[in-house]
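**Student:** Dropping the structure in here first, questions after.
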Amino acid sequence: MIRSLVCILAAFALITPCREVLAQRAQLERIIQRRVLENGLEVIVVENHGVPLATVELNVRNGAFTQTPATEGLAHLYEHMFFKSNSEYSDPDAFVQRAGELGAVLNGTTQEERVNYYLTLSSDSLEGGMRFLSSAIRTSLFRADELAREREVVLGEYDRNESSPFFRLTREMERRLYGDEASRKNTIGNRDVIRSATPAQLTEIKRRYYVPNNTALIVAGDVDPQNVFALAERIYGDWRRGPDPFVSAPIPPIPVLARSEGVIVEEPVAAAVILMQWQGPSVTRDPAATYAADVFSDVLNGSASTLQRRLVDAGLFQSVGVNYYTLDNTGPITISGQTTPERLREALAAMHAEVDKLANPGYFSAAELEPVKRQRAVGTTMGLERASGFAHQLGFWWSVAGLDYYMGYVDSMATQNVADLRAYARKYIVGKPRVVGVLIAPEDRQRLGLRAEELLGSGGLGMGSARLEKLKIRNTASSSRTSNVPRSAPPHSPSPNPNSRSHSPSTNSFTLNGLAIILNRNTASDVVAANLYLLGGTRQITADNAGIEPFLLVASERGTRRFPRDLVRRKIEATGSNIVINAEEDWTMFGMRSVRASFDSTWMVFADRVTAATLDSGEVELVRAQMLAGARAVRDAPDALVSYLADSAAFAGHPYELEASGTEHSLSRISLAELRRFRETEFVTSRMLLVVVGNVDSARVAGLVARTLGRLPTGAYRWSPPPEAGDRPSTLTIAER
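Structure below.
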């Protein structure tokens, strides 16, 4: 079933930022060590002794930005060939076998301005992992038979992308925004180029870009930096330096967008999507603007911002997002919104009107800036918790902006003020050429009589977006081959690692007023996570009220007895903590993550959303509209629709047949009275399981629970295993879009 429709990330209340957040650069400098080998290879080591794992990652300054129309897509194809035969493992089976012996999770990704390859494995296998990647990056064979097979894999990935309604809109927007240099933004590539790729072309990419002086080796996790540096010298030190690839083949600048342009893409979609895109700053040529861009975007994405109040809370859009994507070779600025076809023209005019005001005095307040700066700082602290994710993040910044930019990011961002945001808007957005895109169903366009020239508004300007994601790092062409390769040898306990200093978490469980609590105390962590599981899942609902539990939890952000209306939002947006809501077949999960110093204050808002949501009728209707838009989106995404149909057929007549996140039918029918009744009868402690992980003790957790969730009724719920699904006859289901 489609769970992502109810995953909602929101910020949470941070009253007093912890010492580590306030001194973040110093913290990063303590845990990140760097050394450059004589051949130019930069070695970066991140210590994190929380668990006995290590991530070994190679980042290469390559990607779509090095492509011409004749090589469009070869950077990504090369990534697929990286984990194939090489001089040390000439037999493909030997390569896979060695990965299994290491017990490695491996993958690679291609983005606009970096390609990375990584292994995550037990820290006692560190040397083996470093040697494994060395053989792959230095001695790839590019066998013709393997290339023929991998071309088909990449073309299959292209087919999947092309089946998305948003793919063609993305491509059309890119062509207009980047002109003759659009190939330098297209990670998936050109079908004809991929189909005709040769080993000689890949060998030339290797010769030019895959050299040590264009590569960073990042090792993160339960490791000793001096040991890593010694291994790097021994394993990679004889790798021969190459010519600077950007001297022999300099990257031409993206041509300046001379005029605004509109584009309409027709696809069988239920909603209408409006995109605006501008050419934004280069991180190396105008780094100051990139800091302003991030604060600008975060302020506008806040649910209490002027933009959100006038566009989303007014009912014109179900959602609106603002983003700047940091790149060296012209990063795009995006404003995107989803609305209904019926309100498309009204919503478009309102968005134009707001864009025209973005540099006006008073559109931002100083009070709005401080919480989003704190969110970014706390987000960096949270990112340190997972060594593998932090390695990927460091690799991106090393390739795109240089590691010094990242190290000073939080400090530089903290200096931004209202004048900086207004200057950024004037320089790159207000009154500047842009691309405007609309994605709409053919019948809706015909009914509206919509023309491309209408999209530019009365000022002849426009909008656009190269991607719908609001992530800072995005546009990843990932290889769909992430694999937890089983060990080929019999299972065994890892041998002791003399360099390991990992901390051993302790786990205990207890019950308070019928609420089962599991606490895993990890003193090495600065982050605390708490997940509240409401047990039963689809066995607690019917086809007529499916989605009622996530509906309740989403609506709780709109106000509680202790934190009425916008106070919940302000608390949420004053922190870098986050809330996650996820509905599954067997439970609904309501979770929070915060830095340790703000756990108590965050918990109070989190718990109040469970125990005391006010459920105002007007706010509930806004949430209903947003959730209905999500339910309809299932029809627009082919992969999601196939998954939904398969689950429905496989579990016909079983509780798992129901969609835990809700359907158009159920979400339209659930009444306010039913929401309140369900909360009273089903939000009982006997249905709940609380799991807390982090550096907090049981007394602290018990005290917080006793004051909040512990006051809920106990109820009489008793968990039991779900019924067997039973065998199903083979069926064929065909859905037309």
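Offset between the sequence shown (1-based) and the working numbering: plus 612.
Virtual Cβ for every residue (Gly too), placed ideally from N, Cα, C.
Where does THR721 fall in DSSP's three states?
**Tutor:** Reduced to three states, the DSSP call for THR721 is strand.
**Student:** Report buried or exposed for ASP703, applying the criterion of at least 16 other Cβ atoms within 10 angstroms of its Cβ.
**Tutor:** Exposed, because fewer than 16 other Cβ atoms sit within 10 Å of the Cβ of ASP703.
**Student:** Mind checking which residues open and close the alpha helix (DSSP H) that includes GLY1007?
**Tutor:** That run of the alpha helix (DSSP H) goes 999 to 1012.
**Student:** Would you decide whether SER1095 is buried or exposed? Buried here means 16 or more other CB atoms lie within 10 Å of its CB.
**Tutor:** Bear in mind that the predicted position of SER1095 carries a pLDDT of just 36, short of 50, making it unreliable; the figure below should be weighed with that in mind. SER1095 comes out exposed.
**Student:** Please confirm whether GLU793 and PRO864 have their CB atoms less than 8 angstroms apart.
**Tutor:** Yes. Within cutoff.
**Student:** List, from N- to C-terminal side, the beta strand (DSSP E) runs of 3 residues or more that fit wholly inside the segment 723 to 766.
**Tutor:** Whole beta strand (DSSP E) segments, 3+ residues: 727 to 734.
**Student:** Are the beta-carbon atoms belonging to ALA861 and ARG803 less than 8 angstroms from one another?
**Tutor:** No, Cβ-Cβ distance for ALA861 and ARG803 is not below 8 angstroms.
**Student:** Taking the alpha-carbon positions, what's the VAL1136 to PHE1295 distance?
**Tutor:** Position check: residue 1136 holds Ala in this sequence, whereas Val was assumed. Approximately 33 angstroms between the Cα atoms of the pair.
**Student:** Is the separation between the beta-carbon of ASN1125 and that of GLY1322 shorter than 8 angstroms?
**Tutor:** Yes, these two residues count as a Cβ contact at 8 angstroms.
**Student:** Which stretch, first to last residue, makes up the alpha helix (DSSP H) that contains TYR936?
**Tutor:** From DSSP, TYR936 is part of no alpha helix (DSSP H) but of the beta strand (DSSP E) over 931 to 936.
**Student:** With distance defined between alpha-carbon atoms, name the residue in GLY1171, VAL1254 and VAL1246 nearest to ALA1219.
**Tutor:** Comparing Cα-Cα distances from ALA1219 to each of GLY1171, VAL1254 and VAL1246, the minimum goes to GLY1171.
**Student:** Could you tell me the alpha carbon to alpha carbon distance between TYR790 and VAL1050, rounded to whole angstroms?
**Tutor:** Their backbone Cα atoms lie some 18 angstroms apart in a straight line.
**Student:** Which of the three DSSP states is assigned to ARG1291 in this structure?
**Tutor:** In this structure, ARG1291 counts as helix in the three-state DSSP scheme.
**Student:** Closest to ASP1248 by C-alpha separation, out of PRO777, VAL658 and PRO681, would be which residue?
**Tutor:** For ASP1248, the nearest C-alpha among the options comes from PRO777.
**Student:** For a test of the three-state rule: what should DSSP assign to GLY1306, helix, strand or coil?
**Tutor:** GLY1306 falls in the strand class under three-state DSSP.
**Student:** Just how far apart, CA to CA, sit GLY1020 and VAL1139?
**Tutor:** Roughly 22 angstroms separates the two Cα atoms.
**Student:** Within 10 angstroms of the Cβ of GLY1043, are there 16 or more other Cβ atoms? Answer buried if so, exposed if not.
**Tutor:** Label assigned to GLY1043: exposed.
**Student:** For GLY1302 versus ILE1129, is the C-beta spacing smaller than 8 angstroms?
**Tutor:** One detail in the question is off: residue 1302 reads as Leu in this sequence, not Gly. Taking 8 angstroms as the Cβ cut-off, LEU1302 and ILE1129 qualify as a contacting pair.
**Student:** Does the separation of the CB atoms of ILE1052 and ALA1225 fall below 8 angstroms?
**Tutor:** No, the Cβ-Cβ distance between ILE1052 and ALA1225 is not below 8 angstroms.
**Student:** Let me confirm a value: GLN930 is counted as buried when at least 16 other C-beta atoms fall within 10 Å, else exposed. Which label applies?
**Tutor:** Buried, since its Cβ has 16 or more Cβ neighbours within 10 Å.
**Student:** Run through DSSP, which three-state label would PHE624 get?
**Tutor:** Bear in mind that the predicted position of PHE624 carries a pLDDT of just 27, short of 50, making it unreliable; the figure below should be weighed with that in mind. Correct three-state label for PHE624: strand.
**Student:** With a threshold of 6 angstroms on Cβ separation, who are the neighbours of PRO1110 within its own chain once the five nearest residues in sequence on each side are excluded?
**Tutor:** Confidence at PRO1110 is low in this model, with a pLDDT of 40, below 50, so its placement is unreliable and the value that follows should be read with caution. For PRO1110, where only same-chain residues beyond five positions count, there are no Cβ hits under 6 angstroms.
**Student:** Going by Cα to Cα distance, which pick from ALA989, THR1320 and ALA666 is closest to VAL831?
**Tutor:** Of ALA989, THR1320 and ALA666, the residue nearest in Cα terms is ALA666.
**Student:** Less than 8 angstroms between the C-beta atoms of ALA978 and VAL1030, yes or no?
**Tutor:** For ALA978 and VAL1030, yes; Cβs fall inside 8 angstroms.
**Student:** Given this structure, state the Cα-to-Cα distance separating LEU955 from LEU912, to the nearest angstrom.
**Tutor:** Per the sequence shown, the amino acid found at residue 955 is Arg instead of Leu. Approximately 22 angstroms between the Cα atoms of the pair.
**Student:** Using 10 angstroms around the beta-carbon of PRO1333, count the other beta-carbons present and answer buried if the total reaches 16, otherwise exposed.
**Tutor:** When all chains shown are included, PRO1333 counts as exposed.
**Student:** Specify the secondary structure class of ALA926 as computed by DSSP and reduced to three states.
**Tutor:** Coil.
**Student:** Thinking C-alpha only, which one of THR952, PRO893 and THR751 is nearest ALA882?
**Tutor:** It is THR952.
**Student:** Is the beta carbon of GLY1274 closer than 8 angstroms to that of ALA1252?
**Tutor:** Going by C-beta atoms, ALA1252 is not nearer than 8 angstroms to GLY1274.
**Student:** Pairs of beta-carbons, one from the segment 694 to 709 and one from the segment 747 to 762, closer than 8 angstroms: are there three or more?
**Tutor:** Taking 8 angstroms as the limit for Cβ pairs, the verdict is that the segment 747 to 762 does touch the segment 694 to 709.
**Student:** Assuming ALA1225 is part of the alpha helix (DSSP H), what are its boundary residues?
**Tutor:** It is not in any alpha helix (DSSP H) - ALA1225 carries neither H nor E in the DSSP assignment.
**Student:** Taking just the CA atoms, how far does THR993 sit from PHE1122?
**Tutor:** Rounded to whole angstroms, PHE1122 to THR993 spans 30 angstroms at the Cα level.
**Student:** With a threshold of 7 angstroms, establish whether the CB of ALA1237 neighbours any heavy atom of the ligand HEM.
**Tutor:** For the structure depicted, the ligand HEM is absent and the ligand set is empty, with no information on it obtainable.
**Student:** Any idea if ASP940 is buried or exposed, counting beta-carbon neighbours within 10 angstroms, 16 or more meaning buried?
**Tutor:** Buried: at least 16 other Cβ atoms inside 10 Å.
**Student:** Does the pairing of the segment 1336 to 1347 with the segment 1257 to 1275 give three or more beta-carbon distances under 8 angstroms?
**Tutor:** Enough Cβ pairs lie closer than 8 angstroms, so yes.
**Student:** For THR896 versus ALA1013, is the C-beta distance shorter than 8 angstroms?
**Tutor:** Cβ distance < 8 angstroms, so THR896 and ALA1013 count as in contact.
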